[in-house]
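I have placed the structure first, in the form of structure tokens, so that the comments after it can refer back to it.
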Amino acid sequence: AVKASFPDIEWKNVPDTNGKDASAPLTLYSDYKKAQVPKNYWKSIDNQRQFFNEFATARNIHHPKDWIHVTYQEVAAAGGASILKLYPSLLEALRAIFPSYDWNSNPVRTRMPNH
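Each residue of the sequence shown is one higher than the last, beginning at 453 in this note's numbering.
What follows is the structure, given as structure tokens:
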């Protein structure tokens, strides 16, 4: 998937990630935290959506309301820190990545501002 998204990169020169081919698809928990993805990889909404879909599958999240049980720190620890840095909160990330959901009617934990 990454290789297809970035065809201009010479993937044979990219080092392996934990003994895996760097062009192989990333899998949640085992790869996202350790992989070095191409610059601007996480700026793609499609790549962000892939990460959140895999996170949701691993956490048995089936409905938008299920995100109430997920913290910012859990997403970051699973390898989503670079994505979350693009948004002011987990809720804002979810709104941008899944715009077809009505997030206003679903309470989602948000990161508390630092004061």
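Don't be surprised by glycine CBs; every beta carbon is placed ideally from N, CA and C. All of these numbers come straight from a predicted model, not from anything done at the bench.
What is the DSSP secondary structure of residue i, reduced to helix, strand or coil?
i      : result
Tyr539 : coil
Val522 : coil
Asp473 : Residue confidence is low: Asp473 scores 46 on pLDDT, short of 50, so the model does not pin down where it sits. No coordinate-derived value is stated.
Ser496 : coil
Does the beta carbon of residue i fall short of 8 Å from some heavy atom of the ligand HEM?
i      : result
Ala528 : Summarising the ligand content, the structure contains no ligands, and the ligand HEM is consequently not present.
Indicate whether residue i and residue j have their beta-carbon atoms separated by less than 9 Å.
i      : j      : result
Gly489 : Asn505 : What sits at residue 489 in the sequence shown is Val, not Gly. No, the Cβ-Cβ distance between Val489 and Asn505 is not below 9 Å.
Leu538 : Tyr524 : no
Trp494 : Phe507 : no
Ala510 : Ala530 : yes
Using only the alpha-carbon positions, how far apart do residue i and residue j sit?
i      : j      : result
Ala545 : Leu536 : 7 Å
Ile497 : His521 : 23 Å
Pro540 : Ala528 : 13 Å
Asn492 : Arg501 : 15 Å
Segment contact flag, the stretch 510 to 520 with the stretch 541 to 560, C-beta cutoff 8 Å, min 3 pairs:
Segments in contact, yes.
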